[in-house]
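Colleague: For the record, the sequence lines run as chains C and L.
1173 is the number of the first residue of the first sequence in this note's numbering; add one for each residue after it.
504 is the number of the first residue of the second sequence in this note's numbering; add one for each residue after it.
My structure is below; once you've seen it, I'll send some questions.
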Amino acid sequence: MDIELSTEDLAFRDEVRAFFSENEYKPGEDYNQWRLDWFAKAREKGGWDIPKWPTDFGGPGWSPTQHYIWEQETAVVNLPWDMPFGIGMLAPVLMAYGNKEQQERFLPDIRARKVNWCQGYSEPGAGSDLAALKTKAVLSEDGSHYTVNGTKMWTTMAQIADWIFCLTRTDDSGIKQQGITFLLFPMNQQGIEIKPIITLGGAHTINTVFITDVKVPVENRIGEEGKAWTYAKGLLQHERTGLAGISRSIIALEKLKNQAGTVKRGNATLMDEPGFRAKVAELEVDLMAAEFTELRSLASASAGAAPGPESSILKLKGTEIQQRIQKLTVEAGGIYSAAWGAKPVGPSFAKGGMGGYLASRAYTIYGGASEVQKDVIAKNVLGLKRSR
Amino acid sequence: MNFELSDEQQLLQDSVARFVSDNYDLESRTKLVAGKSGFSKEHWSTMAELGWFSLPFTEADGGFGGNQIDTMVVMEQIGKGLVVEPFYASVVLGGGILRRAANQDQKTALLPGVIDGSRQLALAYAEEQARFDLHDVTTTARPDNGAFVINGHKSMVANAETATQIIVSARTSGGQIDENGISLFLVDADAEGVKLENFPTVDGLRASEVTFKDVSVDASNLLGELDGGFSVLNETANDAILALSAEAVGAMEVLYKDTVDYTQEREQFDHPLSDFQVLQHRMVEMFMEYEQCRSLLYRATLEAAQGDSATAQRTIHALKHMVGKVGSFIGESAVQLHGGMGMTEELRIGHYFKRLVVIDAQFGNADYHLQKFAA
Chain C
1173 MDIELSTEDL AFRDEVRAFF SENEYKPGED YNQWRLDWFA KAREKGGWDI
1223 PKWPTDFGGP GWSPTQHYIW EQETAVVNLP WDMPFGIGML APVLMAYGNK
1273 EQQERFLPDI RARKVNWCQG YSEPGAGSDL AALKTKAVLS EDGSHYTVNG
1323 TKMWTTMAQI ADWIFCLTRT DDSGIKQQGI TFLLFPMNQQ GIEIKPIITL
1373 GGAHTINTVF ITDVKVPVEN RIGEEGKAWT YAKGLLQHER TGLAGISRSI
1423 IALEKLKNQA GTVKRGNATL MDEPGFRAKV AELEVDLMAA EFTELRSLAS
1473 ASAGAAPGPE SSILKLKGTE IQQRIQKLTV EAGGIYSAAW GAKPVGPSFA
1523 KGGMGGYLAS RAYTIYGGAS EVQKDVIAKN VLGLKRSR
Chain L
504 MNFELSDEQQ LLQDSVARFV SDNYDLESRT KLVAGKSGFS KEHWSTMAEL
554 GWFSLPFTEA DGGFGGNQID TMVVMEQIGK GLVVEPFYAS VVLGGGILRR
604 AANQDQKTAL LPGVIDGSRQ LALAYAEEQA RFDLHDVTTT ARPDNGAFVI
654 NGHKSMVANA ETATQIIVSA RTSGGQIDEN GISLFLVDAD AEGVKLENFP
704 TVDGLRASEV TFKDVSVDAS NLLGELDGGF SVLNETANDA ILALSAEAVG
754 AMEVLYKDTV DYTQEREQFD HPLSDFQVLQ HRMVEMFMEY EQCRSLLYRA
804 TLEAAQGDSA TAQRTIHALK HMVGKVGSFI GESAVQLHGG MGMTEELRIG
854 HYFKRLVVID AQFGNADYHL QKFAA
């Protein structure tokens, strides 16, 4: 065990920094073109556009330390806009369970960020209890296609998605974890209707998706019919690891300290107030530990293990930390955090604070609610019998 | 010892509760909030007719002769309904200053309008550098031939947009943070040099940034003693904290009860959510903390109504601390236990949650009052 960065690691860090500064967005540039170019150049670096993909699929094959360096460096720069659904969530399933043809058909466009994906998992009656999903897929008599009917809910960015990966029910005769089938289909077609869900912060990122008589060719099924619960569970582990956001929280906490340092209190600032200062300090302590929990998880992942139950720990700790930072930002803004008009009022940081805080309440709900995550740890790590 | 409402107070509670249940479902509120003034002029008239605005004023002043307990009764129901009409801004804040500081002529001129709703008051006290300190005042009022000339900027003034008069705290002597040397003035909202920038707040209410540029007011618009405005402001702030806390307790009650109901209806893993012990315990804690807030609310309100100001002051700090802390806990827990639905604007709980978050920041947040309490 040691935590020294080797000469090679330091060289890697410099290379990453150089890459970011060379390819920085310049004001006035066509954003979309810059974005696609950025990923193309990252690709030329040897898979920097897909850091977490395995080498067989073009990934860079970094050591845990290199991943850690990448995480740290990416947290402080403006990376091109990206969505996790294709790159981080569908791709691992395609690699593990898709056939060669499907991999060749879908992975290149995912990698090039040409196609936006959304995730058709939750339903009105299937939230934490995902396996209760009811969206029906019926195979045609000639076995050529499925007809899909049902409602998906909380579908993030469905309004701009080109394709959806969708869990459907093909059999309800057995236990509910059986009979679930993984289908891919385009969003822009008859029979798909999207209704926005407006969240507390007033934003539109999530949607309800109504699916009516949508025909899906059988070649768009991933893996075997009825076996998708296993695939989906693996996918959720990937989702959870990605939600912890530890590096981003480290940066966010520094930002919060700077912001609170601008809030005058007599001759001192808010950062000198014992109550506020103690809460910031407690956050920092928790973050220091969480950073190393993430590193340990990265190390075991790079040793070839799939993300295990420690991804649940990270999701729990990471999201709780993010929420505490958001809450303190609102507190730092004082009464100005309440202003909800177009123009900022009071300290400049106050405007974004409230929206961020309200949105952060979802972090302990999506990707598996915290209560469910704790059940997972109780059962899979501590080996406890399920209670109610 | 008696924690029961009097017959009169019970009638008042029933009357406000009936008004709320007749007029305030989420859909109607959403429409009001999106409208031009942010509330209903009709509701405002109804409230005046029902006599709510006369509550805190003495019978000699044409009022009902009530005290903080009566205000608590109204504000709790306002909290349960998330009522948006500016009762708090006009009657609790504006009225609180007038009944303490106004002389007979001023009362005769102003109170009938406040009580019948034709006048609406706003209180401009907050300044950015002050954070929550009422005595940190940079706005100035300079004497000028039997008049005062006011200059400065006041922040986050509740319901100034529709107010007919704004009461402003300004420095007439002393240094920036001296308690002495603060005076209160009544300014017509449309007076020359008064500039309002109006905006919504996240809880669906309205506030304004108000700039005073060479605003000249006659000396007869000074409310109370010259340089002696701080104690009036502070006592009114205490009334405001009691009122906001009563509103918060009303909102907390809705949140915990809605959560208990929802978890019994919503099924996951083939059981109602309420079957899961971890969720039951969370709801038990929401309930207990809510009851604790209600107890402290009674304690502070009764002490204030008895006029024991030193004891009440300390309890008011304790109350505002607890309301802030528990408000976040109950609001966040209600959202968490409603899951995704709790995050939407479609259910009412998110709106109650947002109101509680804002109440924490009004007149000093949980940290601020804990520090005051411990000092």
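All residues carry an ideal CB built from backbone N, CA and C; glycine is no exception.
Quick one: grab the DSSP three-state call for PHE651/L.
Modeller: Taking the first residue of the second sequence as position 1, residue 651/L is located at position 148. PHE651/L falls in the strand class under three-state DSSP.
Colleague: Is DSSP giving GLY853/L helix, strand or coil here?
Modeller: Residue mapping note: residue 853/L aligns to position 350 of the second sequence, counting from 1. GLY853/L falls in the helix class under three-state DSSP.
Colleague: Is ARG1189/C helix, strand or coil when you go by DSSP?
Modeller: For the purposes of this step, residue 1189/C is taken as residue 17 along the first sequence, with counting starting at 1. DSSP places ARG1189/C in helix when its eight states are reduced to three.
Colleague: Kindly confirm or deny that the segment 1419-1428 of chain C and the segment 1190-1201 of chain C touch, where touching means at least three C-beta pairs closer than 8 Å.
Modeller: no
Colleague: Is the CB of THR739/L under 9 Å away from at least one CB in chain C?
Modeller: Numbered from its first residue, the second sequence carries residue 739/L at position 236. Closer than 9 Å: no.
Colleague: Report all residues from its chain with a CB closer than 6 Å to the CB of THR611/L; omit the five preceding and five following residues, and keep chain order.
Modeller: If you number the second sequence from 1, residue 611/L lands on position 108. The answer is none, since no qualifying residue turns up.
Colleague: Mapping DSSP to helix, strand and coil, what is GLY731/L?
Modeller: The sequence position of residue 731/L within the second sequence is 228, counting from 1. Note: GLY731/L maps to strand in three-state DSSP.
Colleague: Under 8 Å between beta-carbons, which chain L residues line up against LEU1182/C? List them in chain order, please.
Modeller: For the purposes of this step, residue 1182/C is taken as the residue at position 10 of the first sequence. Contact annotation for LEU1182/C against chain L: no contact, minimum CB-CB distance about 42 Å [criterion: below 8 Å].
Colleague: List the residues of chain L that GLU1176/C touches, going by C-beta distances under 8 Å, in chain order.
Modeller: Within the first sequence, numbered from 1, the residue matching residue 1176/C stands at position 4. Near GLU1176/C there are no residues of chain L at all, since even the closest Cβ is about 40 Å away, more than 8 Å.
Colleague: Mind the definition here: the segment 1533-1542 of chain C touches the segment 708-724 of chain L only if three or more C-beta pairs lie below 8 Å; say whether that holds.
Modeller: no
Colleague: Residues of chain C with CB under 8 Å from SER658/L, in chain order?
Modeller: Here residue 658/L corresponds to residue number 155 of the second sequence, with the count starting at 1. Per Cβ cutoff of 8 Å: ILE1507, TYR1508, VAL1517 and GLY1518.
Colleague: Can you round the beta-carbon distance between GLY867/L and LYS823/L to whole angstroms, since I take them to be within the 8 Å contact cut?
Modeller: By one-based count along the second sequence, residue 867/L stands at place 364. By one-based count along the second sequence, residue 823/L stands at place 320. Sure, about 6 Å apart at Cβ, within 8 Å.
Colleague: Could you tell me the distance, in whole angstroms, from the CA atom of GLU806/L to the CA atom of THR814/L?
Modeller: As a first step, residue 806/L is located in the second sequence; it is residue number 303 there, counting from the start. As a first step, residue 814/L is located in the second sequence; it is residue number 311 there, counting from the start. Taking the straight line joining both Cα atoms gives about 7 Å.
Colleague: Could you tell me which chain L residues have their CB closer than 7 Å to the CB of LYS1436/C, listed as they occur along the chain?
Modeller: Translated into positions along the first sequence, residue 1436/C becomes position 264. Against LYS1436/C, the close residues of chain L are GLN632, in the order they occur along the chain (beta-carbon pairs closer than 7 Å).
Colleague: So ILE1282/C contacts chain L; which residues on that side make the cut at Cβ distance below 8 Å?
Modeller: Locating residue 1282/C in the first sequence gives position 110, counting from the first residue. Near ILE1282/C there are no residues of chain L at all, since even the closest Cβ is about 26 Å away, more than 8 Å.
Colleague: For chain L, check one thing: does any of its Cβ atoms lie closer than 9 Å to the Cβ of MET1325/C?
Modeller: Looking up residue 1325/C in the first sequence gives position 153. By this cut-off, MET1325/C is an interface position.
Colleague: With a cut-off of 9 Å, does the C-beta of PHE715/L fall near any C-beta of chain C?
Modeller: What you label residue 715/L is simply residue 212 of the second sequence in a count that begins at 1. By this cut-off, PHE715/L is not an interface position.
Colleague: Tell me the residue span of the alpha helix (DSSP H) that contains ASN526/L.
Modeller: Counting from one through the second sequence, the residue named residue 526/L turns up at place 23. ASN526/L -> alpha helix (DSSP H) spans 510-526.
Colleague: In chain order, what residues of the segment 1253-1274 of chain C put their CB closer than 8 Å to some CB of chain L?
Modeller: none
Colleague: Using a Cβ-Cβ cut-off of less than 8 Å, list which residues of the segment 1527-1546 of chain C approach chain L; keep chain order.
Modeller: TYR1529, LEU1530, ARG1533, ALA1534, THR1536, ILE1537, TYR1538, ALA1541, SER1542, GLU1543 and LYS1546
Colleague: May I ask which residues mark the beginning and end of the beta strand (DSSP E) holding ALA1380/C?
Modeller: Indexing the first sequence from 1 puts residue 1380/C at position 208. The sequence shown places Thr at residue 1380/C, not Ala. Taken as a continuous stretch (DSSP letters only), the beta strand (DSSP E) holding THR1380/C covers 1378-1389.
Colleague: Alpha carbons only, please: which of TRP547/L, LEU745/L, GLY753/L and LEU850/L is nearest the one belonging to ALA808/L?
Modeller: Stepping through the second sequence from its first residue, residue 808/L is reached at position 305. Looking at the Cα atoms, LEU745/L is the closest of the given residues.
Colleague: What separation, rounded to the nearest whole angstrom, lies between the Cα atoms of LEU596/L and SER734/L?
Modeller: Within the second sequence, residue 596/L is the residue found at index 93, counting from 1. Within the second sequence, residue 734/L is the residue found at index 231, counting from 1. Each residue's Cα considered, the two are about 14 Å apart.
Colleague: For the segment 1220-1229 of chain C and the segment 1256-1272 of chain C, state whether three or more C-beta atom pairs, one from each stretch, are separated by less than 8 Å.
Modeller: yes
Colleague: Against chain C, with Cβ distances strictly below 9 Å, would ILE581/L count as a contact?
Modeller: Numbered from its first residue, the second sequence carries residue 581/L at position 78. Not an interface residue.
Colleague: With distances taken Cα to Cα, identify the nearest neighbour of THR739/L among ASP717/L, GLY598/L and GLN874/L.
Modeller: Locating residue 739/L in the second sequence gives position 236, counting from the first residue. The residue with the shortest Cα to Cα distance from THR739/L is GLY598/L.
Colleague: According to DSSP, ASN1321/C sits in a beta bridge with which residue or residues?
Modeller: Position 149 of the first sequence, counted from the first residue, corresponds to residue 1321/C. Per DSSP, LYS1308/C.
Colleague: 9 Å is my cut-off, CB to CB: does LEU1135/C come that close to chain L?
Modeller: Here chain C covers residues 1173 to 1560 and nothing more, so residue 1135/C does not appear.
Colleague: Quick one: residues in its chain with C-beta nearer than 6 Å to the C-beta of GLY1527/C, no 5 flanking neighbours on either side, listed in chain order?
Modeller: Walking along the first sequence from the start, residue 1527/C turns up at place 355. Only GLY1373 meet the Cβ criterion.
Colleague: Among all the DSSP beta bridges, which residues are the ones paired with PRO775/L?
Modeller: By 1-based counting over the second sequence, the position of residue 775/L is 272. The partner list for PRO775/L (beta bridge, DSSP) reads GLU770/L.
Colleague: Take the Cβ of ASN741/L as the centre, count every other Cβ of all protein chains shown within 10 Å, and call the residue buried at 16 or more, exposed below.
Modeller: The residue you call residue 741/L lines up with position 238 of the second sequence. Looking at its Cβ environment, which holds 16 or more other Cβ atoms inside 10 Å, ASN741/L is buried.
Colleague: Would you say the segment 840-847 of chain L touches the segment 776-786 of chain L, given that touching needs at least three Cβ pairs under 8 Å?
Modeller: yes
Colleague: Grab me the residues of LEU873/L's own chain with a C-beta within less than 7 Å of its C-beta, minus the 5 sequence neighbours each way, in chain order.
Modeller: Position 370 of the second sequence holds residue 873/L. Correct list, in chain order: HIS824.
Colleague: Suppose the cutoff is 8 Å on Cβ atoms and the five residues either side in sequence are ignored; what does the same chain contact list for ALA821/L look like?
Modeller: By 1-based counting over the second sequence, the position of residue 821/L is 318. Within the same chain, ALA821/L has close Cβ partners LEU799, ALA803, HIS872 and PHE876.
Colleague: Kindly list the residues whose CB is nearer than 6 Å to the CB of SER748/L, restricted to its own chain and excluding five residues on each side of it in sequence; keep chain order.
Modeller: Indexing the second sequence from 1 puts residue 748/L at position 245. Within the same chain, SER748/L has close Cβ partners LEU800, LEU822 and VAL826.
Colleague: Return no unless some Cβ of chain L is closer than 9 Å to the Cβ of SER1300/C.
Modeller: The residue you call residue 1300/C lines up with position 128 of the first sequence. By this cut-off, SER1300/C is an interface position.
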